[in-house]
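Below is one structure, written out as structure tokens, with a few remarks after it.
There are 4 protein chains.
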Amino acid sequence: MNFGSDNQSGASDKVIHALLKANQGVSASYGADEWTLRAEQKLRDVFQTDLKAFFVTSGTAANCLALSSIVNPWDTILCHGHAHIINDELTAPEFYTGGARLQSLGLDSPKLKAEALNSYLDTFEGHPPHTAIPRALSLTQLNEAGCAYTLSEINQLTSIASKHDMLVHMDGARFSNALVGLGCSPAEMTWKAGVDVLCLGASKNGTLAAEAVIFFNPDLAANFEFRRKRAGHLLSKGRVLGAQMCAWLEGQHWLDLARTSNERAEQLAEGILASANAELVWPVDGNELFALIKHSQIEALRSEGAIFYAWPERFLGSSKHVADDESLVRLVISFNTSEREVRDFIRLLG
Amino acid sequence: MNFGSDNQSGASDKVIHALLKANQGVSASYGADEWTLRAEQKLRDVFQTDLKAFFVTSGTAANCLALSSIVNPWDTILCHGHAHIINDELTAPEFYTGGARLQSLGLDSPKLKAEALNSYLDTFEGHPPHTAIPRALSLTQLNEAGCAYTLSEINQLTSIASKHDMLVHMDGARFSNALVGLGCSPAEMTWKAGVDVLCLGASKNGTLAAEAVIFFNPDLAANFEFRRKRAGHLLSKGRVLGAQMCAWLEGQHWLDLARTSNERAEQLAEGILASANAELVWPVDGNELFALIKHSQIEALRSEGAIFYAWPERFLGSSKHVADDESLVRLVISFNTSEREVRDFIRLLG
Amino acid sequence: MNFGSDNQSGASDKVIHALLKANQGVSASYGADEWTLRAEQKLRDVFQTDLKAFFVTSGTAANCLALSSIVNPWDTILCHGHAHIINDELTAPEFYTGGARLQSLGLDSPKLKAEALNSYLDTFEGHPPHTAIPRALSLTQLNEAGCAYTLSEINQLTSIASKHDMLVHMDGARFSNALVGLGCSPAEMTWKAGVDVLCLGASKNGTLAAEAVIFFNPDLAANFEFRRKRAGHLLSKGRVLGAQMCAWLEGQHWLDLARTSNERAEQLAEGILASANAELVWPVDGNELFALIKHSQIEALRSEGAIFYAWPERFLGSSKHVADDESLVRLVISFNTSEREVRDFIRLLG
Amino acid sequence: MNFGSDNQSGASDKVIHALLKANQGVSASYGADEWTLRAEQKLRDVFQTDLKAFFVTSGTAANCLALSSIVNPWDTILCHGHAHIINDELTAPEFYTGGARLQSLGLDSPKLKAEALNSYLDTFEGHPPHTAIPRALSLTQLNEAGCAYTLSEINQLTSIASKHDMLVHMDGARFSNALVGLGCSPAEMTWKAGVDVLCLGASKNGTLAAEAVIFFNPDLAANFEFRRKRAGHLLSKGRVLGAQMCAWLEGQHWLDLARTSNERAEQLAEGILASANAELVWPVDGNELFALIKHSQIEALRSEGAIFYAWPERFLGSSKHVADDESLVRLVISFNTSEREVRDFIRLLG
């Protein structure tokens, strides 16, 4: 019963065998190999547009390289208070951008609201060059509360950003889960909705370590090759990343994996809703659930081997009260979480 | 009637003439001159302790060099939402520290409260190396709302910081105004109260451009020479800074200047309190006042030549309501603001 | 006939199958997995000492993270003019160290000579804080001219470094080839010879992408976790690196692979020595050869499918004259270069 | 008898009195004052072209801010081995540029030769994104050997730079001495000769602390305001810099001061040429002399109070032999060095 994190699974069978196959023989180094080129082409097909894509091994590298491509070292990046970039990537955003600043827009709701963004920008009154000015908006899809922004919400937020001369970054660590949840196309959820650069995460959903930084406006990618090399993220054996991405995207494999996770997550959500011992705190739009669970039940689950983590209660903002006999936990479903694990969890939850 | 900023005045007569005098003849360069050495010694006398002091030309340089001496590039610096370092120094803190992060602790009260600090730290739950951890607390004295932390408040805040292995920086851009307001000794307001490094501002109160970075724990200063040189803040003609600081500290000149400003500020505060057209929003503990003034009066004052600036109303937090016919303004008194300017302002305010 | 680079081969069968096996099931993330812990333990055994080891995916990341652990942003790092860190890692060393400087010590000989190092340091006359001072020496073993420093040479160079308060970094991208060439123990070639931190490269000799940063003085590793995370080089699935390293070190597999490469390189060297159409420019101590080859032969080789690269002739320094009808080329042997490829090359060279 | 450095003099009487006068009353802050605006306009007159100018307090700040405006963090800056930026500004260039690299082009001649620059660039063979590519050339005028590049030499060097897509920075710490020496116009020595950005130094020749960064192509200045503020080099009291620069440029005062220094330097040079105890090592084109002086004479001079510094003999390159009984010293003349000091020095030299 592992609900610890979707990064605790390995790669899918398809992906690992594609890597095994690509490992044979010699190939050009530093991303000039056939797999890398093919993976970039596949992304053009998937996103139905021209684009520039670069592959790296970690989400932190992808996000921070992307952000460094759209802000100056004296700009501010706005994000929700839950964002991975502000909570879980140490000060990598500052390191990569040369010192740009992250500004959290609060924890009052699990998703960033247009009103909150408008209100911040309308009352900001910065005076350059003294004040760092917002120049980028970073959205996470699926976000860190497990919620997906709807197309309408994304469009609304990116319009506000655009009005204020800001570019838009999307942290898509769980992009496929959000996409399957919304049932829309990759294009609709990104460039058609005003996203300038996407970090498409594959490591949490079927690859070993492979993320794509995708620029829908190729001009923004002008220096990416230099930024990636300078950070030590240009792998000599490019096929390692290219082969994973090819297999992952092939035949909608990535969406199949995400669909499996989301279905299990829905089952788990239903079990929690039906239980008197637990309560979901945010809508479940993908493969992550956040629940307040009675301490007695947490103990019971753990004693039976269930793995999951407590989540900082500050992330609830002021909206939720946590009773003395319960705690906030995060439950993450991976593509290889079994139905049986879900059923066992529900049974033990009571 | 200039209430624009205390940085719009020149140096005091004493200071400028000391500079004129020090300008004669040759002297050793790069801070090895007699004035620099004497100024550091004077600071030891003034603060009644051994210390290491370094002089630079700007408050931003002083603050950011100081902060870079007490945090790692992957640490967080806590400060009040009003702080100059987070609002008015662009991303200099990030630049100097190599990418450390500033975390604002809100705008709910004009001074940072012990409860707010405790609450933040107690619910923080960072998990290294993923989360940037608070390793410094920055206090501003006089703060950017014009208020002075009492000795008891400073002690309380630095104790909390210390309990969490954080060092304490004091931005003393208007240190002398706070000191005169509290009527305590420099030692009591700093190292005796748990401050590790002080940026003592002189530029806003009688010098042309001279700030001292003062380390009460000399170990923290180990690399300061390198940091200052690397930032281009080591002046070849050290006497420019040394001579200003000597004259400023000599015979309590700095305190006399601050006392004059504070007295005028008190007169102005009384005038505002007595007016039906204006309201002070925060206590006046030094030489800065923040008031809501009726638009009709703002126009009347400006048409008579009064200079003062609107202040972003977001800094009021949620505590104050601003009516449609009024705006928030900042009024700053300098050592050479005349009584007459104050009287005229009050008269025009009505 | 691929002599392009040892990074154009995939992983060895043992390594890729170990990865396939490790991919099964769930495991702890961020380096807390069993393979990572076991790999670090194996390195302790291999180097016969306590040590701290960290795994990353690229040599540039390994080198630059290591260097950032041993110098301040205002220090200088000395290296040979051939060094990968100064020629092939863009400005990653500057990025990671926060702006430390690389100083090349020339191209007069393929290996850095004790006399050159002594001469540089003895005549340096820096005056802090104005001059950046040498605080680290970086040696490459096998170096970029294909030569191995003997134990005596390493000891001599590190003694000089130590006398000048410098720490020593070893770029061991082809460490195993040098080790097999010298026939000494890993301990003798590193910490027993005065090396403080080693970047042990595996990607060029049997793994997909796996490098170890090894601190023989654990104090130097104090902040490494933060540095690696901040650079996006902490993989969520630590087993990817751990499993490769375990298999690579297991049963001397790494040395067997290097031995194979070195033997083929020796055969190739003999062929070149025997040819009237080519000349080796530097001693061959591992798996890299540098030769002046007649243009006619280069064409003949390439037309038969031989892959190899021209090498910038500036690296010859002033010691070698290049005739009009020849060019400098680099020939690299990998663990899976076949005897047949070597024989064919020699035959075509004539 | 002070020949230590031209930065050991104070400001000229005209300049210090202008500062005293500008100190009266209130004025706009952060460079919006009348003196700053007037100084920028004066520079347009002096250089007979439109330009953007910014004032800072130190040469290191000026140089490094300028360089950061013309290179990316992954580029290389070429300079002569004598350059102040590589020898005397710690790692400020790296700090300000975000990690760009300095490449010294040797010490074989006191001025950078077109052949040396051509030879470096023609044999460079970088391969992006692996190799840092030269993108700026920095020339020092008067250079650190006391020599002035002729107009023809500047034109030749900047043409080579331009051919290789490099921009040109001029470190003009002693610009006025070179200008007076060559007897040309400021325009001829800069933008007409291919210089893109000039750091015009005034601190060594009549001001307290004031340098101008001058962009002849205003596009390059687009982000300068942000860079300066972020570095803490935007003074709140802009008139401090503006007033110094106005007085310095007024009525050719700056050139008069330089002419005085150069004349004294010429007298001193003649004395040394006539002496059997000393030898000039480089041509004297401004106010700096470098001489090999017999130890006996050095002692005699110092015992009579002469102040001057030994200069690292490595700067002689391989071109000069230093005998056992002599040392290399630097002698710098300031605008207020007296004829008497020069005569006394010559007399004691014997």
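Residue numbers (this note's numbering), protein chains in the order written: chain A, 214 to 563; chain B, 214 to 563; chain C, 214 to 563; chain D, 214 to 563. Think of the CB as a built atom: it goes at the ideal place given N, C-alpha and C, for glycine as much as any other residue. Keep in mind that this is a model prediction, so the values were computed, not measured.
CB contact flag (residue i, residue j, <8 angstroms)
i	j	result
Leu370 of chain D	Ala400 of chain D	no
Glu438 of chain A	Pro342 of chain D	yes
Ile427 of chain A	Val410 of chain A	yes
Phe558 of chain C	Leu514 of chain C	yes
Asn276 of chain C	Ile299 of chain C	no
Gly407 of chain C	Ser375 of chain C	yes
His446 of chain B	Ala274 of chain B	yes
Ala386 of chain C	Gly272 of chain C	yes
Glu366 of chain B	Lys417 of chain B	no
Glu307 of chain C	Arg560 of chain D	no
Ala415 of chain B	Gln221 of chain D	no
Residues that residue i bridges to, as DSSP identifies them
i	result
Ala491 of chain A	A:Ile506
Lys382 of chain B	Checking the displayed sequence, the identity of residue 382 of chain B turns out to be His instead of Lys. DSSP lists B:Ser351 and B:Val410 as partners of His382 of chain B.
Lys265 of chain D	D:Phe428
Ala523 of chain C	C:Val542
Leu315 of chain B	B:Ile290
Beta-carbon contacts of residue i that lie in its chain and below 6 angstroms, excluding the five residues immediately before and after
i	result
Gln480 of chain D	Val555
Ala231 of chain B	Ala456 and Ala460
Gln510 of chain B	Asn490 and Leu562
Gly319 of chain B	Gly294
Ser317 of chain D	Gly294 and Ile299
Euclidean distance between Cα positions of residue i and residue j
i	j	result
Thr473 of chain B	Ala482 of chain B	14 angstroms
Gln237 of chain C	Leu421 of chain A	11 angstroms
Phe503 of chain B	Ser218 of chain B	12 angstroms
Thr363 of chain D	His295 of chain D	18 angstroms
Lys507 of chain D	Trp495 of chain D	17 angstroms
Leu392 of chain C	Pro286 of chain D	36 angstroms
Ser398 of chain C	Arg543 of chain C	28 angstroms
Thr344 of chain A	Ala358 of chain B	17 angstroms
Ser281 of chain D	Glu492 of chain A	54 angstroms
Asp263 of chain A	Arg257 of chain A	6 angstroms
Ala523 of chain D	Ser516 of chain D	15 angstroms
Leu541 of chain B	Ala423 of chain B	30 angstroms
Ile290 of chain D	Asn500 of chain C	34 angstroms
Gly394 of chain D	Ser449 of chain D	36 angstroms
Gln254 of chain A	Ala349 of chain A	27 angstroms
Ile283 of chain B	Asp432 of chain C	20 angstroms
Ala279 of chain B	Leu413 of chain B	11 angstroms
Met458 of chain B	Ala252 of chain B	6 angstroms
Chain E contact for residue i (CB, 8 angstroms cutoff)
i	result
Asn549 of chain B	Absent here is chain E; the protein component of the structure consists of chains A, B, C and D.
Cβ neighbours of residue i in the same chain (closer than 7 angstroms, five flanking residues each side left out)
i	result
Asn430 of chain B	Asp409
Ser488 of chain C	Leu562 and Gly563
Arg477 of chain A	Ile546, Thr550, Glu552 and Val555
Own chain partners of residue i with C-beta closer than 8 angstroms, once the 5 adjacent residues on each side are dropped
i	result
Gly518 of chain C	Met214
Ala245 of chain B	Gly451
Ile229 of chain C	Gly223 and Leu421
I'd like the ranges of any alpha helix (DSSP H) spanning at least 4 consecutive residues and lying wholly in the region 281-306 of chain C. Runs found: 297-300.
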